[in-house]
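J.: My questions all concern the structure below.
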Amino acid sequence: MDFSFTEEQTLLRNSIQKFVQDEYDFDTRRKIIASDEGMKEENWQTLAELGLLAAPFTEEQGGFGGGPIETMIVMEEFGRGLVVEPYAPTVIQCGGFLRYAGSSEQQEALIPQIIEGKLKMAFAYAEPQGRYNLADLTTTAEQKGGDFVINGYKAVVIGGPWADKFIVTARTSGSQREEKGVTVFIIDKGADGVSTRDYPTVDGFRASELTLENVVVGKDAVVGEVDNGLPLVEKIADEAIAAYCAEAIGAMKVLNDTTVEYCKTRKQFGQPIGKFQVLQHRMVDMFMEYEQSVSMTYMVNLKLEEDEIERKKAASGAKVQIGKSGRFVGQQSVQLHGGMGMTDELNVGHYFKRLTMIDTAFGNVDHHLKRYAKLSQA
Amino acid sequence: MDFNFTKEDEAFRAEVRAFIEEKYPDSLKGKVRRDELEREDFLAWHKVLAEKGWVAPSWPEEWGGTDWSVTQRYIWNEENARADTVPLLPFGLSMVGPVIYTFGNEEQKKHYLPRIYNGEDWWCQGYSEPGSGSDLASLRTKAVREGDHYIVNGMKTWTTLAQYADWIFCLVRTDSDAKAQEGISFLLIDMNTPGIEVKPIITLDGSHEVNEVFLTDVKVPVENLIGEENKGWTYAKFLLGHERSGIAGVARSKRNIDRLKEIARSELVDGEQLIRQADFEGKLAQLEIDLTALEFTELRTLASESAGKGPGPESSILKIKGTEIQQRITELTLEAVGYQGMPYQRDLGDNVRPIGPEYAEMSAPTYFNTRKTSIYGGSNEIQRNIIAKMVLGL
Ligand SMILES: Cc1cc2nc3c(=O)[nH]c(=O)nc-3n(C[C@H](O)[C@H](O)[C@H](O)COP(=O)(O)OP(=O)(O)OC[C@H]3O[C@@H](n4cnc5c(N)ncnc54)[C@H](O)[C@@H]3O)c2cc1C
């Protein structure tokens, strides 16, 4: 048993920390998210130069063969900086589809472009009626001759405005929520029939509503097997969860450190408010929530490569922990900062908002509690 | 003990309901939900009520109070919540108004009370300062007497809606040598006086509701002092009690739970309504039970108040539980809409169709914004300190 990081992993962490320190202080981030683009292309190129966009791809694919722990390190540090550039959608989610199930043509065409920072992608899976059920799809792909005709609607596609291509789930057979019949497609943003409505999100990211009207794609757009895409989608979702958990612990750490520091310096009634025992205990609870979250984040990242049931349980367990802890730490950080915590000017509110939204990514606490319960009874 | 409405109560309810239906300005409908209220919107409803004579039910009759019973006030609140009317701003009606009619002199009463009543003056509350929040008595804004004026210097912060205000009631230090609580005075200041500057503070949800107010050599006539010099703390404490008793917000919370239920009926989980899910159903039920307990606690408090006992330290319960429930409602509402709470829609502009379902539109900003309720009006930690000390004697 060993919970220490290798030298390479530490170097990786240092390089991202340096990037966040140099390019992502809070005021710079504020400018980035307020810009028309909502992200900074130069940063994306820096991530390419640092090799981060190549991290999880195998050496044959032109990458560094990093595993879940490397991704965890990257995302944790991004969480500390509240980095908005679309690493999770492009590299972890869409990159994951390509790595695991892309045809050799797809891999050869797209992975090098991702690695070089020339291609951004977004994963369009959520549908309003489906809530967190990945199989609940009304988007359909009908086979016509050798092609597929896709029709449907996807909500809150994170990173959508920046994406050149989407990975989209659609139903090729079966009823609305059936496990069988889900197929994964790559769709060009510029393809006929694709339209987006782009907007900022409450936590400073950008997203799109995506409408697909008679979008025609060839067989070469299918990732993995026709009708049998759900296990793949679930795997990617679990990996995305593991990554978001890492981002969340990065954000919680900043909040806890900031809050403790604030309570040491803010004085009321002639003493630092950190002297009030009720606030001390509150901060101790925040600290424990953080530690438990770190543990669950390590746990899920260590179990991502285990068999399907173990992996799913790990992901759901971790997501429940992060959802609850993120809420507590976020709310209490605001509370202990008093009026200051309510301001847009201070970073505290921004971390709180991000943690709040991480709970809704790929299933909230309730969703994963149920999923966990089902799996552990099976 | 009795919790039935009499025939008269029912008649009163019918009267109130009909009045709101007939007189509530069309232009305001929906604006509360969408958080689009501007100065004139707040005042529009106020003025309708002033005309009817219902704008300040709890004031002494002499100044326009209605002498309603506890039950009638309860019905009044319920009907307003039901119709989603614009909440009346507390700063004039339930804060400085009561201070003036309790501690002010005749001239002050005659001058200010009708103007508050009719919505002619917009008031804001100048208590908090950057260094003095929970420890309000440490405030440093200074007023020095020079002839028949005070010269005020200092800074107030978190001042709600000061950007619209005509007047600010301030706690200022008039004696720096006395003990903290004993050197404070209660001063009414015209916001148009030279030397006052208001700067916006944007909150985490992106709205502009609080401000910094800078006071530099502001000349305030001595007539604007309430009561006695250096006795301001007593008046301020009286006012904090008033502020607390309105803060439970039971009727509005009921309305918001109903709205949450509508959302949970529209949202689907595996094709079934969210409201039918055991976990969500349980959380909703718990919320309603908590609210029922609060409702009866509030009614008990109101009843003893009308029996002549002023709002005691027990009213801190109403503040704590009321705000916890308000926060929980916004939390569950955001949970209910799920990721559809993500789009930031504040800058979308008028006449633009919202992103996602309409009911999801303000869920996240409202949740973020409602965190303020456990901070302001005496934070919930401070309220617990009050109960510990004043009620439990610890
Ligand atoms: C949206 C909003 C609107 C407001 N509107 C107004 C207004 O119109 N007019 C006005 O005058 N003020 C207003 N306020 C200010 C409000 O009253 C103060 O924010 C509040 O009193 C807390 O003070 P503070 O922000 O300085 O926090 P602090 O007093 O610094 O408190 C920070 C934290 O320490 C805790 N704490 C402090 N002392 C103790 C203690 N002894 N024991 C345990 N815990 C303690 C607090 O509970 C809090 O969690 C508003 C505030 C907000 C957020």
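Going line by line, the protein sequences match chains A and B.
Quick note: the first sequence uses my numbering, first residue 1, plus one each step.
Quick note: the second sequence uses my numbering, first residue 1001, plus one each step.
All C-beta atoms, glycine included, are put in the ideal place defined by N, C-alpha and C.
Along the region 1069–1096 of chain B, where does the CB come closer than 7 angstroms to a CB of chain A? Name the residues.
T.: Listed by position along the chain: nothing, the set is empty.
J.: If you draw a straight line from the alpha carbon of residue 160/A to that of residue 198/A, how long is it in whole angstroms?
T.: Cα-Cα distance, rounded: 7 angstroms.
J.: Any heavy atom of ligand 1 closer than 8 angstroms to the CB of residue 1164/B?
T.: Not so, every heavy atom of ligand 1 lies at least 8 angstroms from the Cβ.
J.: Between residue 981/B and ligand 1, is there a pair consisting of the residue's CB and a ligand heavy atom that are separated by less than 8 angstroms?
T.: Nothing about residue 981/B can be read from this structure; chain B reaches only from 1001 to 1394.
J.: Only counting runs of 4 or more residues, tell me where the alpha helix (DSSP H) segments fall wholly within the region 298–361 of chain A, in order along the chain.
T.: For the region 298–361 of chain A, whole alpha helix (DSSP H) runs of length 4 or above, ordered along the chain, are 308–336, 347–358.
J.: Where do the ends of the alpha helix (DSSP H) carrying residue 1409/B lie?
T.: In this structure chain B extends from 1001 to 1394, so residue 1409/B is not present and cannot be described.
J.: Taking 8 angstroms as the cut-off, is the C-beta of residue 1039/B nearer than that to any heavy atom in ligand 1?
T.: Residue 1039/B: no, Cβ never under 8 angstroms from ligand 1.
J.: For ligand 1, I want to know if residue 252/A counts as a neighbour, meaning its beta carbon is within less than 8 angstroms of at least one of the ligand's heavy atoms.
T.: Checking the Cβ of residue 252/A against ligand 1 gives no.
J.: Quick check: does the Cβ of residue 287/A come within less than 8 angstroms of any heavy atom belonging to ligand 1?
T.: No.
J.: Let me check understanding here. Comparing Cα to Cα, which of 128/A, 101/A, 328/A, 315/A lies closest to residue 380/A?
T.: The question about residue 380/A has no answer here: the residues shown for chain A are numbered 1 through 378.
J.: For the beta strand (DSSP E) holding residue 1004/B, just list the boundary residues, first then last.
T.: Neither: residue 1004/B is in no beta strand (DSSP E) and is coded neither H nor E.
J.: First and last residue of the alpha helix (DSSP H) that includes residue 75/A?
T.: From DSSP, the alpha helix (DSSP H) with residue 75/A extends over 68–81.
J.: Does the beta carbon of residue 131/A sit closer than 9 angstroms to a beta carbon anywhere in chain B?
T.: It does; some Cβ of chain B falls within 9 angstroms.
J.: Can residue 228/A and residue 151/A be called in contact, C-beta distance under 9 angstroms?
T.: The answer is no: Cβ separation not under 9 angstroms.
J.: Our contact map puts residue 305/A next to residue 1355/B with C-beta atoms below 8 angstroms; I'd like the distance itself, whole angstroms only.
T.: Not a contact, Cβ separation roughly 37 angstroms.
J.: Does ligand 1 have even one heavy atom less than 8 angstroms from the beta-carbon of residue 244/A?
T.: No; taking the cut-off as 8 angstroms, the Cβ of residue 244/A has no heavy atom of ligand 1 nearer than that.
J.: Below 8 angstroms on the Cβ atoms is my guess for residue 359/A versus residue 327/A; work out the distance and round it to an integer in Å.
T.: Correct: roughly 7 angstroms between the Cβ atoms.
J.: Taking only runs of the alpha helix (DSSP H) that begin and end inside the region 88–170 of chain A, which ones reach a length of at least 4 residues, in chain order?
T.: 95–101, 104–115, all fully within the region 88–170 of chain A.
J.: How would you label residue 284/A, buried or exposed, when you count the other beta carbons within 10 angstroms and need 16 or more for buried?
T.: The residue in question, residue 284/A, is exposed, as its Cβ has fewer than 16 Cβ neighbours within 10 Å.
J.: Report the residues of the region 29–61 of chain A with a CB closer than 8 angstroms to any CB of chain B, ordered along the chain.
T.: If the cut-off is 8 angstroms between Cβ atoms, the region 29–61 of chain A has nothing near chain B.
J.: Considering just the uninterrupted stretch of the beta strand (DSSP E) at residue 1154/B, what are its terminal residues?
T.: That run of the beta strand (DSSP E) goes 1149–1157.
J.: Please name the residue in 20/A, 79/A, 1/A whose C-alpha comes closest to that of residue 255/A.
T.: Residue 255/A has its Cα closest to that of 79/A, out of 20/A, 79/A, 1/A.
J.: What are the residues of the region 1353–1373 of chain B that lie near chain A, defined by any Cβ-Cβ distance shorter than 9 angstroms?
T.: Against chain A - using a Cβ distance shorter than 9 angstroms - the residues of the region 1353–1373 of chain B are 1355, 1356, 1357, 1364, 1365, 1367, 1368, 1369, 1371, 1372.
J.: Can you determine whether any heavy atom of ligand 1 sits closer than 8 angstroms to the C-beta of residue 337/A, and answer yes or no?
T.: The answer is yes for residue 337/A.
J.: Please list the partners that residue 338/A has in chain B, where partner means a Cβ-to-Cβ separation under 8 angstroms.
T.: What residue 338/A touches in chain B: 1133, 1134, 1375, 1379.
J.: Do residue 1123/B and residue 1190/B count as a contact pair if the criterion is CB distance below 9 angstroms?
T.: Contact flag unset, no.
J.: Counting Cβ pairs closer than 8 angstroms, one from the region 43–62 of chain A and one from the region 116–136 of chain A, do we hit at least three?
T.: Segments in contact, yes.
J.: Are the CB atoms of residue 126/A and residue 167/A within a distance shorter than 9 angstroms?
T.: Not in contact: residue 167/A and residue 126/A (Cβ atoms no closer than 9 angstroms).
J.: At the 9 angstroms Cβ level, is residue 1292/B part of the contact set with chain A, yes or no?
T.: Not an interface residue.
J.: For chain B, is any of its Cβ atoms less than 9 angstroms away from the one on residue 86/A?
T.: No - not a single Cβ of chain B is within 9 angstroms of the one on residue 86/A.
J.: Going along chain A in order, which residues have a C-beta closer than 9 angstroms to the C-beta of residue 1335/B?
T.: Near residue 1335/B (Cβ distances below 9 angstroms), the residues of chain A are 359, 360, 364, 365, 366.
J.: Compare the beta carbon distance of residue 1096/B and residue 1142/B with 9 angstroms and say whether it is the shorter of the two.
T.: No, the pair does not count as a contact, with Cβ atoms beyond the cut-off.
J.: Where does residue 1195/B sit, in a helix, a strand or coil, going by DSSP?
T.: Residue 1195/B falls in the coil class under three-state DSSP.
J.: Taking residue 1160/B as the reference, give the member of 1016/B, 1026/B, 1129/B, 1227/B with the closest Cα.
T.: It is 1129/B.
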